[in-house]
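Residue numbers (the numbering used here): 5 to 116. Notes for the one structure printed next.
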């Protein structure tokens, strides 16, 4: 898994590439944790290059969602989910717990 982060205004964009599974979920958790430690409160997880997410990856996304809710004005948006990733979120019911946008620009509009 590769993680690329960038910031637009006060919105932190986390672009995920490859796989989030039990072997890589820890790195994902650390990357998100580092953003929170630096004061990030608006995050976009961009999934367009994510090929696979396991239950460990879904757990990491849930933890990130819970942490961001504890921050004043904290918001987390997922975007650009590939169809098979979107189906996993729908089948697990996680789509009801996250704001999910079709693309990055829509996600940024939600956080503006």
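C-beta: ideal position from N, C-alpha, C; glycine also.
Report the three-state DSSP secondary structure of residue i (helix, strand or coil).
i           : result
residue 26  : coil
residue 49  : strand
residue 86  : coil
residue 76  : coil
residue 20  : strand
residue 55  : strand
residue 101 : coil
What's the call for residue i, buried or exposed, on a 16-neighbour Cβ count within 10 Å?
i          : result
residue 6  : exposed
residue 28 : buried
Since residue i and residue j are thought to touch, with beta carbons under 8 Å apart, how far apart are those beta carbons, to the nearest angstrom?
i          : j          : result
residue 72 : residue 47 : 6 Å
residue 21 : residue 54 : 7 Å
residue 57 : residue 24 : 5 Å
residue 26 : residue 60 : 4 Å
Which residues in the same chain as residue i place their Cβ atom closer than 8 Å to its Cβ, once the five residues preceding and following it in sequence are excluded?
i           : result
residue 114 : 79, 81, 103, 105
residue 40  : 71, 72, 75
Enumerate in chain order the residues of its own chain whose CB-to-CB distance from residue i is below 6 Å, with the five nearest sequence positions on each side excluded.
i          : result
residue 18 : 9, 49
residue 52 : 84
residue 33 : 64
residue 44 : 16
Can you list, in chain order, the residues of its chain with a C-beta nearer than 7 Å to that of residue i? Leave out the 5 residues immediately preceding and following it.
i           : result
residue 111 : 48, 81, 83, 105
residue 126 : A query on residue 126 cannot be resolved here, the shown segment of the chain reaching from 5 to 116 and no further.
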